[in-house]
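K.L.:
Just so you know, the sequence shown maps onto residues -22 to -1, 1 to 769 in mature numbering (1 follows the signal peptide of the UniProt record, and there is no 0).
Glycine included, C-beta positions come from ideal geometry on N, C-alpha and C.
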Amino acid sequence: MSMRLLLAFLLALPAAPSSAQAPDDPAARLAQAEADVRAVDAALDRRIEDDARDGLRDRAVAARIAATAATADLAEQVALIDARIAGLGPASRTEAPDLRAQRRRLAQQHVALDSQVKRGRLIGVEAQQLAAELDQNAAEQFSQTIAARSPSPISPAFWTAVFQSAPRDIRRIEGLARRGAAQIADDGRATLPWPARLGPALLGIVAAIAILLPGRAAAHRLALRFLVEGAPGHRVRRSANAIWRVLVGTLAPLLAATVVMAGLRWSRLLPEAWGGLADGVIVAVTFAGFAASATGALLMRSQPSWRVAPIADDVAAELRPFSWLLAGVAFIGYMLDAFNVAVGASAAALGATQAAEIILHLVLLAGALLALGRLRASRADQDAAAPARTGLGAAALLAWIVVILASLALLLGFLGFALFLMQLIAWGVVLGSATYLLMTAADDLATTLFARDSTLGRSLSRALGLRGAVIDQFGVLLSGVLRVVLALTALGLFFSPFGAGGGIGTVLGRLGLLAQGVQVGGVSISPGTIVRGVVVLCIGLTLVRAFMGWLEGKYLPATDLDGSARNSVGLVARYVGIALAVIWALASLGIGVERIALLLSALSVGIGFGLQAITSNFVSGLILLAERPIKIGDWIRVGTDEGDVKRISVRSTEIALADHSTLIVPNSELITKSVLNKTLASPLGRIQIQFAVPLETDADRVRAIVAAAFAQEAAVLDDPAPAIFIDSIADGRIFFNCFAHVASPRAAYGARSAIFTMLLRRFREDAIDIGTVPQRLELVDGRDAIDTHRP
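#1: Say whether the stretch 628 to 638 touches the stretch 673 to 688, bearing in mind that this needs 3 or more beta-carbon pairs closer than 8 Å, one atom from each stretch.
#2: Suppose only complete runs of 4+ residues qualify. What are the alpha helix (DSSP H) ranges in the stretch 662 to 735, listed by chain order?
#3: Cα separation between LEU442 and ALA218?
#4: Can you look up ARG625 in the DSSP assignment and give me helix, strand or coil?
#5: Hey, quick one: how far does the alpha helix (DSSP H) through ILE633 stretch, first residue to last?
#6: If you draw a straight line from the alpha carbon of ARG615 to that of VAL454, how long is it in whole angstroms?
#7: Can you list the alpha helix (DSSP H) stretches of 4 or more residues lying completely in the stretch 313 to 393, in chain order?
#8: Mapping DSSP to helix, strand and coil, what is ARG25?
#9: Could you check whether TRP613 and ARG724 sit closer than 8 Å to each other, using their CB atoms as the reference points?
#10: Pick out whichever of ALA116, GLN451 and LEU277 has its Cα sitting closest to the Cα of THR426.
#11: State the beta-bridge partners of ILE614 as determined by DSSP.
#12: At 4 residues or longer, and completely inside the stretch 110 to 192: list those alpha helix (DSSP H) runs for me, N to C.
#13: By Cβ distance below 7 Å, which residues in the same chain neighbour ILE712 in space, the five residues on each side in sequence not counted?
#14: Are there 16 or more other CB atoms within 10 angstroms of the CB of ILE101, so buried, or fewer, so exposed?
#15: Per the DSSP calculation, LEU641 is bridged to which residue(s)?
#16: Measure the alpha-carbon distance for LEU648 versus ARG730 and round it to whole angstroms.
#17: Below 8 Å, how does it come out for the stretch 2 to 19 and the stretch 35 to 53: are there three or more Cβ pairs, yes or no?
#18: Hey, does GLY33 have any beta-carbon neighbour from chain B nearer than 8 Å?
#19: Less than 8 Å between the CB atoms is what I'm expecting for THR264 and PRO231, so what's the real figure, rounded?
#20: Using the beta-carbon count (16 or more within 10 Å), is ALA275 buried or exposed?
#21: Touching or not, the stretch 404 to 416 and the stretch 463 to 473, by the rule of three or more beta carbon pairs under 8 Å?
#22: Using a threshold of 8 Å, state whether the C-beta atoms of LEU662 and VAL720 are closer than that.
#23: Assuming contact is defined by CB atoms lying nearer than 8 Å, are ILE162 and ARG243 in contact in what I supplied?
#24: So, helix, strand or coil for GLN281, using DSSP?
#25: Under the assumption that VAL286 contacts THR418 (Cβ atoms under 8 Å), give the Cβ distance between them as a whole number of angstroms.
#26: Give the range of the alpha helix (DSSP H) segment to which PRO231 is assigned.
#27: Using the rule of at least 16 other Cβ atoms within 10 Å of the residue's Cβ for burial, across every protein chain shown, is HIS212 buried or exposed?
#28: Relative to the alpha-carbon of PHE472, which residue among MET526, PHE398 and ASP422 has its alpha-carbon at the smallest distance?
#29: Assuming LEU154 contacts VAL319 (C-beta within less than 8 Å), just tell me the rounded distance between them.
#30: For LEU464, which option in ALA179, TYR414 and MET313 has the closest C-alpha, if you only look at C-alpha atoms?
#31: Taking the alpha-carbon positions, what's the ALA330 to PRO131 distance?
#32: Here's a check: name, in chain order, each residue in its chain whose Cβ is nearer than 7 Å to the Cβ of PHE596, leaving out the five neighbours to either side.
#33: So, helix, strand or coil for PHE473, using DSSP?
#34: In the DSSP assignment, the alpha helix (DSSP H) including ALA441 goes from what residue to what residue?
#35: Between ILE764 and the rest of its own chain, which residues show a CB-CB distance below 7 Å, the 5 nearest in sequence each way excluded?
#36: Contact between the stretch 144 to 151 and the stretch 305 to 314: three or more CB pairs below 8 Å?
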């Protein structure tokens, strides 16, 4: 089954350019698609073989893609006609005859094109239904095949049927050999003698040996030399080496087998009767090389430093022989299938060859599991404290379950089911190895090229002004997208050879349908549309970035606005620019402003309830930027914390505190609660000094000392002038309350400390007491108090 998958893929490669020769006229393409659909529909009225079914499905998928593309082109023409009709406006009685004739002509064109659009949509639906019907038929036939039961290989009936059909099968083999030999003899009499005819065949064999041995080794050496000298990064070198090994290991057997068969054909030693068997040899050799190279590149036993997967050396050395055995078993299985088809083997012979394939697969899988079990046991004995890997244990348990199920199915006579399980495991191992290598290579390439310290990353940073984190994030996102695409493709390929669709044609057809676009709410979403939207968004954000650079670097500095006002204007301009860029990108996707407005209105209830706090902070941020009760650089107090306003965004405000920490306050707190702004109306700061002196102290002398201290402090301003007041006289002391002003509230604390220092020194020199108020304590005898109050 996998052989047909690979053969279909190889045959599809040279046929791919033919799709470019399709007619350019949408009507002609639509007619061709309709003819293909009718041909496929007529073919389903009779019994069809597997190969014919695959071809019919590919034809239906191609018709569906062609009809969809032609319908899209016709819909664009309908839109142009509608625009012209709308440009003419409503018809009037006094309309000129030429305009009336043009209106009739446009209406006729509109009717014709609209009918073709509807016809194209119908053809696309019919083609999709036919493809689904073919998929269902293939799945049903596959289900019947794996559910079919024959006599058990351990029963006498099985071997009796084999021995009874053996003479007929031998005669068929002899007949195939005789027909081939007769054709070779007939071609020999009509062409060159034998010695001359052997030349191309021998040349093909020599060329195949040269490709497989020195050519393959030379390709590996050249790749290693190039990767060591020119490839960027160790990870990319390892991944590229693994992918190159798979390519060389697959293409070298393919080229060698093709050259040998071409030499035999040129020598007229490959008759037409053996053509199917020769094609089977090519595909079997190619898949065997692919299996050996994919698993070998994953294990990399001979070059551990170039190994991509985290596999220990002893595990790689233990499993490498099994990878060669897997390739050999696959080759034998494909050759048996091709041989049975070529000779027309009997059902008993087919059952015997299936049983032989199942046994080979069972022995191979059981041997690999036993080898892994021995390795795990030896490691457990060496390091008992090492944690066991649950995933590997579960995978090994599942594989043993498959082995047991396949063995029971073989013994019970369900040969198709047992062979399906074994081929599924073998194909999964090969495909999983190749997919892992491709996903690793995609991750290494994306994250290495788009890194802040790479050559491309530095160029993007210098040319576009992108931050290093943005470049790193893009590399990681690109890696994720590529790996998801590879994983989905591998998942489709995993089940495609086993009746879950039309093989490689199904996968490529579905990818083609995806490329045509998916309709979601009247909007066509396709990879091309998404790429266009991303490009438009990047262009829009680049324009916004350039405009903000001009606004903040050129225009705003030329105005009389302060720093806070410039920040407010810059923030509003930035958010408006980003919003316009997003709307432009959505418009490029076909999502108009009316759809955006409808979406926002539908989400308004959810925004009002679920995002109430965020909405409140956003609106509060806009109020702060518009009314500017708080500006950048203001000294404010929120609760018990006070500091400088460093940044105001639409969601929160950042305040730098004295201990160098940052207080992030939601904007709604600044709007709905009390906030002390010490620099809103005036940037000045005030110093307040309070003290008391004894009542007998000369108050004028004290005032003079305080005034001199204010005058000596450089931070104290002359305007407003300092003020010295006697606040009160109580408890035998005079209480002074003094005020002075400095240029900023941030300078008040230091200036106040310096003035206190000077006052303490002067008061000590003049013997002026500024200590605490003397306290008087009176002791009263409790007994006298009681006697006094006694009646």
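P.N.:
According to the data block:
#1: no
#2: The qualifying runs are 677 to 690.
#3: 30 Å
#4: strand
#5: That residue, ILE633, is in no alpha helix (DSSP H); its beta strand (DSSP E) goes 630 to 635.
#6: 43 Å
#7: 325 to 360 and 368 to 390
#8: coil
#9: Yes. Within cutoff.
#10: GLN451
#11: GLY621 and ASN655
#12: 134 to 168 and 172 to 188
#13: ALA670, VAL671, LEU673, THR675, ALA677 and ILE704
#14: buried
#15: ILE633
#16: 30 Å
#17: Note that the stretch 2 to 19 touches the stretch 35 to 53; at least 3 beta-carbon pairs, one per stretch, sit closer than 8 Å.
#18: In the displayed structure, chain B is absent; only one protein chain is listed.
#19: 6 Å
#20: Its Cβ being crowded by 16 or more others within 10 Å, ALA275 is buried.
#21: yes
#22: yes
#23: no
#24: coil
#25: About 5 Å; that satisfies the 8 Å criterion.
#26: 212 to 244
#27: exposed
#28: PHE398
#29: Not really, about 11 Å apart at Cβ, beyond 8 Å.
#30: If you compare the alpha carbons of ALA179, TYR414 and MET313 with that of LEU464, the shortest gap goes to TYR414.
#31: 8 Å
#32: VAL628 and ARG629
#33: helix
#34: It spans 433 to 442 - the alpha helix (DSSP H) in which ALA441 sits, taken as one unbroken run.
#35: The predicted model places ILE764 with a pLDDT of 46, which falls under 50 and marks its position as unreliable; any figure quoted below should be read in that light. No residues qualify anywhere along the chain.
#36: no
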